[in-house]
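Structure first, then comments.
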Amino acid sequence: MIHRSATVLCLDPLIVTYEQILTLEECQELIQIVQPQLQPSTIVGETGLIYSDFRVCNTGWVPHHTSPFTTEICERIASITRQPLSHAEQMQIGQYPVGGRFGAHFDAFELHKEASYQFMTHGGQRTYTALLYLNTLPAGVGGETFFPNLGLEIVPQAGTLLVFQNCIKGTIDPHPLSLHGSHPLNEGIKYIATLWFRERPLV
Numbered sequence: 001m002i003h004r005s006a007t008v009l010c011l012d013p014l015i016v017t018y019e020q021i022l023t024l025e026e027c028q029e030l031i032q033i034v035q036p037q038l039q040p041s042t043i044v045g046e047t048g049l050i051y052s053d054f055r056v057c058n059t060g061w062v063p064h065h066t067s068p069f070t071t072e073i074c075e076r077i078a079s080i081t082r083q084p085l086s087h088a089e090q091m092q093i094g095q096y097p098v099g100g101r102f103g104a105h106f107d108a109f110e111l112h113k114e115a116s117y118q119f120m121t122h123g124g125q126r127t128y129t130a131l132l133y134l135n136t137l138p139a140g141v142g143g144e145t146f147f148p149n150l151g152l153e154i155v156p157q158a159g160t161l162l163v164f165q166n167c168i169k170g171t172i173d174p175h176p177l178s179l180h181g182s183h184p185l186n187e188g189i190k191y192i193a194t195l196w197f198r199e200r201p202l203v
């Protein structure tokens, strides 16, 4: 039986962690599934996707229904997040090597960027992020998820799910306090799996 222990870190925007959402074996299975798909990551630039040292990691996309296992994991995350799975992008799994990092950014599409509207055509804005840690990092090696405007840092623990609201309530404007990133990793390797939930079903 998986024990789900919730900790509210912030109410506005809502930021919550849920412990032991996955077992260690399930985390390892996701890590193995993504290996053939891993490629250098991109970010959304002013006019489209670009490569940048702002984000140093490898990522791969895993469709919800790749297998009965991935379907069950995605449905589990959607249930905990209380968002319809039909609103979620494909699962993205990230691999951070030594030196891997992601500067402070918004998951919500920034409305001043032309490229944002291309991505919002289907499904609209990213309203919630569900970020799942697939391995545990010892304190002091980096790789923490940080919210600079809130003074929050989360140390990755295998099976812990971090859920946060991306927009100001009642709007599609990025919430200024949802700004977050990943500190540089000084030792080891870090794996995360992310589901981004949109306003509307993705069709």
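If you count the sequence shown from 1, position 134 lands on 134 in the UniProt record's numbering, and the numbers rise without skipping.
C-beta: ideal position from N, C-alpha, C; glycine also.
State the beta-bridge partners of residue i as determined by DSSP.
i      : result
Leu38  : DSSP lists no partner for Leu38.
Val141 : Partner(s): none; Val141 has no beta bridge.
Gln95  : Asn58, Tyr191
Gly181 : Phe146
Ala130 : Val163, Leu195
Leu14  : Leu11
Would the beta-carbon of residue i fall within 8 Å of that of residue j?
i           : j      : result
Phe147      : His180 : yes
residue 210 : Val16  : Coverage of the chain is limited to positions 1 through 203, which leaves residue 210 absent and any answer about it impossible.
Leu11       : Ile93  : no
Phe109      : Arg126 : yes
Cys27       : Gly159 : yes
Cys74       : Leu195 : yes
Asn58       : Gln39  : yes
Gly123      : His87  : yes
Ile172      : Gln95  : no
Ser178      : Phe106 : yes
Ala6        : Met91  : no
Here's the rule I'm using: 16 or more other beta-carbon atoms within 10 Å means buried, otherwise exposed. How should residue i be labelled?
i      : result
Leu134 : buried
Thr129 : buried
Pro13  : buried
Identify whether residue i lies in helix, strand or coil by the three-state DSSP scheme.
i      : result
Val193 : In the sequence under discussion, the amino acid at residue 193 is Ala, which differs from the Val named in the question. In this structure, Ala193 counts as strand in the three-state DSSP scheme.
Cys57  : coil
Ala108 : coil
Leu49  : strand
Glu72  : helix
Ser67  : coil
Which value, in whole angstroms, describes the spacing of the CA atoms of residue i and residue j?
i      : j      : result
Glu46  : Glu114 : 6 Å
His3   : Arg200 : A caution first: His3 carries a pLDDT of 46, below 50, which makes its placement in the model unreliable, though a value can still be read off. Cα to Cα, the separation comes out at about 30 Å.
Phe69  : Glu89  : 17 Å
Pro97  : Leu152 : 23 Å
Pro174 : Gly140 : 30 Å
Gly99  : His183 : 9 Å
Leu150 : Gln37  : 34 Å
Arg76  : Leu22  : 9 Å
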